[in-house]
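Chemist: Supplied in structure tokens, the structure appears directly below.
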Amino acid sequence: CRILRFAPLENADIEGILRQSAPQADAAARAAAIAAAEGSPGAALEFVEQDLGKLHQLMTRLIAEGDEHFALRAALAEEIGARPTRERQQAAVDLARAVVAAELGKGSAERNQRVIAVHGDLVRLAGQLPTYNFDPALAMMEIGALLASLAMPREAA
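In structure tokens:
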């Protein structure tokens, strides 16, 4: 059996496919799908079905701002829902991995090492999620903590 691998599409191409095949998706949902799809239009369409736009916005804010008072992590847990499907939980972890991977190369060597470590933690969590009995809110809080750990420390004014 041979596997045929296609070259990943550019984000603009995936955006066009999503506009045509999933016109109901708003800009936030498309941005989340594109971030997580890694060049695969099929994966992007699956992410649109999971409606992860708000999660994507919260995840990028956690990395940019941190979460000193846990408000963004709580919002992340609330957004996933009290009883999400396993597919939605897995899609959320995959999205977090994609958001973290996009951070690689944006900072110092030390920060890149933190990005790699956080990505590794998310890969482990993704592997455990299908077989462990995680509380969805606690799993999202863990994801939020990992993302917030990448926030750049603010310099004192």
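Per the numbering used here, the very first residue in the sequence shown carries number -6; after that it's consecutive.
By construction, the Cβ of each residue, glycine as well, lies at the ideal position given by its N, Cα and C atoms.
#1: Thinking C-alpha only, which one of Leu140, Ala64, Asp60 and Leu122 is nearest Ala94?
#2: Count the other CB atoms within 10 Å of the CB of Arg23; is the residue buried (16 or more) or exposed (fewer)?
#3: Within the chosen definition, does the segment 52 to 63 reach the segment 4 to 20 through at least 3 CB pairs nearer than 8 Å?
#4: Name the residue from Leu143, Leu48, Leu97 and Ile7 whose alpha carbon lies nearest to the alpha carbon of Gln83.
#5: Since Arg79 contacts Leu115 with CB under 8 Å, what's their CB separation in whole angstroms?
#6: Hey, out of Arg107, Leu97 and Arg66, whose CA is closest to Met133's CA?
#7: How would you call Asp87, buried or exposed, if buried means at least 16 neighbouring beta carbons within 10 angstroms?
#8: Taking the alpha-carbon of Gly46 as reference, which of Ser142, Ala28 and Pro129 has the nearest alpha-carbon?
#9: Assuming Ile10 contacts Ala37 under a Cβ cut-off of 8 Å, what Cβ separation, rounded to an integer in Å, is found between them?
#10: Counting C-beta neighbours from all protein chains within 10 Å, is the total for Gly98 16 or more, i.e. buried, or is it exposed?
#11: Could you tell me the distance, in whole angstroms, from the CA atom of Ala25 to the CA atom of Ile136?
Modeler: For this structure:
#1: Leu140
#2: buried
#3: no
#4: Leu48
#5: Actually they do not touch by this definition, with Cβ atoms about 16 Å apart.
#6: Arg66
#7: buried
#8: Ala28
#9: 7 Å
#10: exposed
#11: 16 Å
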